[in-house]
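Structure first, commentary second.
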Amino acid sequence: MARRMDYSARFSHPPERVYAALADPEHWEARMTEMRKYSENHVREFSATDTGISLVLHHVIPRSDLPEIARTVIKKDMVITRRETYGPFTERASGRYEASIPGGPGSLTGTMDLVPADDEQGAACVLRTTSEAKVNIPFVGGRLEELILDNLVDVFRAEAAVTADWLARQ
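Residue numbers (the working numbering): -9 to 160.
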């Protein structure tokens, strides 16, 4: 049985500025620099055109940093490949992501929606992410799904902080 989670990051910038950041390779490198404080991370592929944004990220988590329950299933460092795509920006933008682990016993997918916030000036926006984790292991699958989604909140929170900081410095 899959588990779902919603996360929203609010930015004090209009959605077109946040989308412009998502379309800028320097922004993604700033994100990876911050995430390298925790583990090896890098942008493997990046493309931004009139039709949208596409990227592939690699996150490496040393096996020794994994919770004990995860180490029972994952026998070496966990390499996560995350693919994100965003459609073109109109007054909003939508995207999808998927994360995979070679030989991993499940899936992590999600959608992203960048929308104007409910403020009168149109000076803010929200990036809403809905994620679904599914682990196909009897007895521990549900606990691993919860663990994945709990840790994902920390990742999204850190990435949103980098984006907000990056936008403030532009």
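Every residue, glycine too, gets a C-beta built ideally from N, C-alpha and C.
Of all alpha-carbon atoms in Ser2, Val69, Thr23 and Ala10, the one lying nearest the alpha-carbon of glycine 42 is that of Ala10. The DSSP-derived three-state label of aspartate 108 is coil.
Check the Cα spacing between alanine -1 and each of Thr119, Gly100 and Arg159: the tightest is with Thr119. For valine 50, the uninterrupted beta strand (DSSP E) segment begins and ends at 42 to 51. Under the three-state reduction of DSSP, serine 84 is assigned to strand. Beta-bridge partners of aspartate -4 (DSSP): Thr120.
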